[in-house]
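205 is the number that our numbering gives to position 202 of the sequence shown; each next residue is one higher, with no gaps.
Every residue gets a Cβ at the ideal spot worked out from N, C-alpha and C, and that includes glycine.
Below: the structure, in structure tokens.
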Amino acid sequence: MQTNEVVIVAGVRTPIGRVGGALAAVRPDDLLAGVLRGVVERAAIDPLGIDEVYAGCANQAGEDNRNVARMASLLAGFPDSVPAVTLNRLCASGLEAVNQAARCIAVGEAQLCVAGGVESMSRAPWVLPKPEGAYPVGSPPVYDTTLGWRFPNPVLAARFPLLSMGQTAENIAQELGITRAEQDAFALESHRRAVAALNAGYFAAEVLPVSVPQRRGAARIVAVDEAVRCKHNGHGFELDTDLERLAQLAPAFSPQGTVTAGNSSGLNDGAAALVLMSAARAHALGLRPLARWLGAASAGVDPSVMGYGPVPATQQLLARLQLTVQDIGLVELNEAFAAQALGVMRKLGLRQEITNVNGGAIA
4 MQTNEVVIVA GVRTPIGRVG GALAAVRPDD LLAGVLRGVV ERAAIDPLGI
54 DEVYAGCANQ AGEDNRNVAR MASLLAGFPD SVPAVTLNRL CASGLEAVNQ
104 AARCIAVGEA QLCVAGGVES MSRAPWVLPK PEGAYPVGSP PVYDTTLGWR
154 FPNPVLAARF PLLSMGQTAE NIAQELGITR AEQDAFALES HRRAVAALNA
204 GYFAAEVLPV SVPQRRGAAR IVAVDEAVRC KHNGHGFELD TDLERLAQLA
254 PAFSPQGTVT AGNSSGLNDG AAALVLMSAA RAHALGLRPL ARWLGAASAG
304 VDPSVMGYGP VPATQQLLAR LQLTVQDIGL VELNEAFAAQ ALGVMRKLGL
354 RQEITNVNGG AIA
């Protein structure tokens, strides 16, 4: 079957806010609406020409419920005729949205799609189950939907220990002998690269400032990522952490473990969106592509080492495209944990010099 060439022509994101931080007062559907509106304006396209909006969202327990992609599309002012769908592949939800949009264009079902994702961990609600009968005895379980298991199935729990993501990172560190020092050094380098990117202005073109109403006075404009360990010195940003401070942090998931808050990614709020279209449509509109989408793959692994997921998925995709790791010039890899990122890099043979060159999720 002949397929269409798929290109990305525009992309924007909000600054990434810390949980409880600068973006905590903004609903996730409003965050997503802002980047949907912003990316369409950036691409200078008519929203009426959008064939589908895809958005990834891992939580969907609060204000991001009931198809947040559709809600945000309407909030963004897109025509009622533009359909939208929300996807959930947990950490890869936004990436899955992009891949679904690209596949739709590749097979000719669409010519122009908007894809991205949103999370507001600050606004993730507490939830509790309904009682199974009248006049229940005892206190019901309450789950914080910010992160982790909720309403676990006992049959699944009997087969797989209900580990936290941090515990799975500890498993990877133990399996591969990744030391605490290696993890802290990786985390520090992530922050150092992010600070360098901020000072070089690399993020300026992609970040869409967010206006956050205040109880008193003018709205606050949030334009810089909050999680980067840096401070403003009057001339730019400078790194505000070091190996000594990282080494002082206690293990977060196991008393004798190596995974800490300092070498893990944080809890965040934010949204992002891309405009994808067929190369033919981009040419017709006079738009210069930023990138070309070649393919995607997904793979399952043992849940106790879930962070290895990118390894078989990447291997599948490279084999399908008849490429090798040596053919790749730059790599963006999720840094859920330094242990997990280092584990994936080791198994795939990725060099740190080309991986997350502007910092990653830890920063």
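Cα-Cα separation between residue i and residue j, rounded to whole angstroms
i: glycine 97; j: asparagine 156; result: 26 Å
i: serine 214; j: alanine 316; result: 38 Å
i: valine 308; j: serine 167; result: 11 Å
i: glutamate 229; j: alanine 364; result: 12 Å
i: glutamate 209; j: glycine 14; result: 6 Å
i: arginine 30; j: glutamine 329; result: 42 Å
i: leucine 77; j: asparagine 68; result: 14 Å
i: alanine 293; j: valine 145; result: The amino acid occupying residue 293 in the given sequence is leucine; alanine does not appear at that position. Computed Cα separation, rounded: 45 Å.
i: valine 12; j: leucine 165; result: 41 Å
i: proline 86; j: valine 43; result: 15 Å
i: aspartate 305; j: leucine 150; result: 20 Å
i: isoleucine 357; j: methionine 348; result: 11 Å
i: valine 158; j: tryptophan 152; result: 14 Å
i: alanine 61; j: glycine 120; result: 9 Å
i: glutamate 8; j: leucine 353; result: 27 Å
i: alanine 36; j: valine 360; result: 29 Å
i: asparagine 236; j: glycine 111; result: 51 Å
i: proline 331; j: alanine 255; result: For clarity, residue 331 is isoleucine in the given sequence; the question names proline instead. Each residue's alpha carbon lies about 34 Å from the other.
i: glutamate 3; j: alanine 27; result: Not covered by the structure: residue 3. The range shown for the chain is 4 to 366.
i: phenylalanine 189; j: phenylalanine 206; result: 21 Å
i: glycine 204; j: arginine 162; result: 48 Å
i: leucine 351; j: glutamine 318; result: 8 Å
i: glycine 310; j: alanine 339; result: 8 Å
i: leucine 297; j: threonine 263; result: 36 Å
i: alanine 95; j: glycine 265; result: 22 Å
Exposure label - residue i; buried when at least 16 CB within 10 Å
i: leucine 211; result: buried
i: proline 18; result: buried
i: alanine 366; result: buried
i: aspartate 49; result: exposed
i: histidine 238; result: exposed
i: isoleucine 175; result: buried
i: phenylalanine 81; result: buried
i: valine 101; result: buried
i: valine 225; result: buried
i: arginine 183; result: buried
i: leucine 90; result: buried
i: serine 84; result: exposed
i: glutamine 259; result: exposed
i: alanine 250; result: exposed
Bridge partners - residue i, DSSP secondary structure assignment
i: glycine 119; result: Ala58 and Ala276
i: isoleucine 11; result: Leu279 and Ala294
i: isoleucine 224; result: Ser214
i: glycine 20; result: Asp272
i: alanine 87; result: Val56
Contact set for residue i: own chain, Cβ-Cβ below 7 Å, skip 5 residues either direction
i: aspartate 54; result: Ala113, Gln114, Leu115 and Cys116
i: alanine 64; result: Ala127, Pro128, Val130 and Thr148
i: glutamate 335; result: Asn359
i: glycine 312; result: Ala302 and Val304
i: alanine 222; result: Ser214, Val215 and Pro216
Contact under 8 Å by Cβ, residue i with residue j
i: asparagine 337; j: arginine 21; result: no
i: aspartate 32; j: valine 71; result: yes
i: alanine 137; j: valine 278; result: no
i: proline 134; j: proline 143; result: yes
i: leucine 445; j: valine 56; result: Any question about residue 445 goes unanswered here, given that the chain covers just 4 to 366.
i: arginine 323; j: alanine 302; result: no
i: histidine 194; j: threonine 244; result: yes
i: glutamine 186; j: alanine 341; result: yes
i: glutamate 122; j: glycine 273; result: yes
i: alanine 105; j: threonine 6; result: no
i: arginine 92; j: glycine 59; result: yes
i: glutamate 173; j: serine 267; result: no
i: alanine 276; j: alanine 25; result: no
Close-in-space but distant-in-sequence residues of the same chain around residue i (CB under 8 Å, 5 per side omitted)
i: phenylalanine 240; result: Val198, Leu201, Asn202, Val231, Cys233 and Lys234
i: threonine 327; result: Leu321
Same chain, Cβ closer than 6 Å to residue i, neighbours up to 5 away in sequence not counted
i: valine 10; result: Ala282, Ala285, Pro292 and Arg295
i: leucine 51; result: Pro82
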